[in-house]
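Quick note, the sequences are listed as chains P and A, same order.
Residues in the first sequence are numbered consecutively from 635, following my numbering.
Residues in the second sequence are numbered consecutively from 34, following my numbering.
Since the structure comes first, as structure tokens, the remarks are kept for the end.
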Amino acid sequence: AQSVTQPDIHITVSEGASLELRCNYSYGATPYLFWYVQSPGQGLQLLLKYFSGDTLVQGIKGFEAEFKRSQSSFNLRKPSVHWSDAAEYFCAVGSYSGGGADGLTFGKGTHLIIQP
Amino acid sequence: GAVVSQHPSWVICKSGTSVKIECRSLDFQATTMFWYRQFPKQSLMLMATSNEGSKATYEQGVEKDKFLINHASLTLSTLTVTSAHPEDSSFYICSASNLGENNSPLHFGNGTRLTVT
Numbered sequence: 635a636q637s638v639t640q641p642d643i644h645i646t647v648s649e650g651a652s653l654e655l656r657c658n659y660s661y662g663a664t665p666y667l668f669w670y671v672q673s674p675g676q677g678l679q680l681l682l683k684y685f686s687g688d689t690l691v692q693g694i695k696g697f698e699a700e701f702k703r704s705q706s707s708f709n710l711r712k713p714s715v716h717w718s719d720a721a722e723y724f725c726a727v728g729s730y731s732g733g734g735a736d737g738l739t740f741g742k743g744t745h746l747i748i749q750p
Numbered sequence: 034g035a036v037v038s039q040h041p042s043w044v045i046c047k048s049g050t051s052v053k054i055e056c057r058s059l060d061f062q063a064t065t066m067f068w069y070r071q072f073p074k075q076s077l078m079l080m081a082t083s084n085e086g087s088k089a090t091y092e093q094g095v096e097k098d099k100f101l102i103n104h105a106s107l108t109l110s111t112l113t114v115t116s117a118h119p120e121d122s123s124f125y126i127c128s129a130s131n132l133g134e135n136n137s138p139l140h141f142g143n144g145t146r147l148t149v150t
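In structure tokens form, the structure reads like this:
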């Protein structure tokens with residue numbers, strides 16, 4: 635069974651500082667990996683995804699993530715955070731079978747707090 | 034971009050009544066939609082996979098008679114919480130994958146906050 639671990643429940647970062655959110659996964663085959671962001675009471679917005687190819691993936695809002703197979707990791711990074719980045723971040727792993735997507739398995743989320 | 038719309042965004046109902054939540058893909062077709070449940074300050078848990086024209090597939094531990102799923106068309110799936118109880122209060126989110134896009138990521142609706150009194 636696939637699983638996702640986000641070891642940091644809360645992270646506090648000063649505005650303008652760099653950010654790295656950790657994500658480790660367990661999956662038997664080549665994983666499809668995603669990062670989503672959720673503001674309070676809202677749905678999920680896709681930040682970026684990794685399916686294959688270049689292991690460094692660029693996303694929206696200045697985020698990037700690097701897939702490291704040897705470490706089973708897919709950490710999310712941003713060089714300089716803005717106050718508007720404060721939110722809940724979810725890492726997820728998925729698979730595709732029969733030509734279509736299967737449901738995602740989510741990590742428990744990391745709550746990002748931005749200090750002025 | 035691909036848009037998934039959920040309705041209603043919030044609902045309050047009395048214990049024992051049923052509530053229907055709609056999930057629509059607005060600008061694409063989705064053979065498969067997914068329903069998730071999220072408790073406060075928790076992660077999303079997959080409840081069921083909704084397949085157009087066939088029965089839904091439920092995850093272990095999810096009562097299919099309580100959470101009725103209907104996927105009548107390529108753009109609409111509904112989740113009905115039957116005989117709701119306070120413990121069913123939660124945030125329900127649907128997602129859909131775009132048939133026309135290879136390896137499409139799952140696009141999520143904005144969720145429905147259900148409160149059962």
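From the three backbone atoms N, C-alpha and C, an ideal C-beta is built for every residue, glycine too.
Predicted, not measured: the structure shown is a model, and the values here were computed from it.
Return the Cβ separation of residue i and residue j in integer angstroms, given the expectation that the two are a contact with Cβ distance under 8 Å.
| i | j | result |
| --- | --- | --- |
| S130 of chain A | T65 of chain A | 6 Å |
Let's see if you can read the secondary structure: which residues bound the beta strand (DSSP E) around residue i?
| i | result |
| --- | --- |
| R656 of chain P | Where R656 of chain P is concerned, there is no enclosing beta strand (DSSP E), given that its DSSP letter is neither H nor E. |
| I748 of chain P | 744 to 749 |
| L690 of chain P | 690 to 692 |
| E55 of chain A | 52 to 58 |
| V114 of chain A | 109 to 114 |
| K702 of chain P | 698 to 702 |
On the CB-based measure, 16 or more other CB atoms within 10 Å of its CB, does residue i come out buried or exposed?
| i | result |
| --- | --- |
| L59 of chain A | exposed |
| V647 of chain P | buried |
| F740 of chain P | buried |
| F100 of chain A | buried |
List the DSSP bridge partners of residue i.
| i | result |
| --- | --- |
| K712 of chain P | P:L653 |
| W669 of chain P | P:L682, P:C725 |
| V44 of chain A | A:L147 |
| N84 of chain A | A:T65 |
| S106 of chain A | A:L109 |
| V638 of chain P | P:Y659 |
Is there a C-beta anywhere in chain P that falls below 8 Å from the one on residue i?
| i | result |
| --- | --- |
| R70 of chain A | no |
| T82 of chain A | yes |
Would residue i count as contacting chain A if we go by Cβ distances under 8 Å?
| i | result |
| --- | --- |
| F724 of chain P | yes |
| G662 of chain P | no |
| Q676 of chain P | yes |
| F740 of chain P | yes |
| G737 of chain P | yes |
| G687 of chain P | no |
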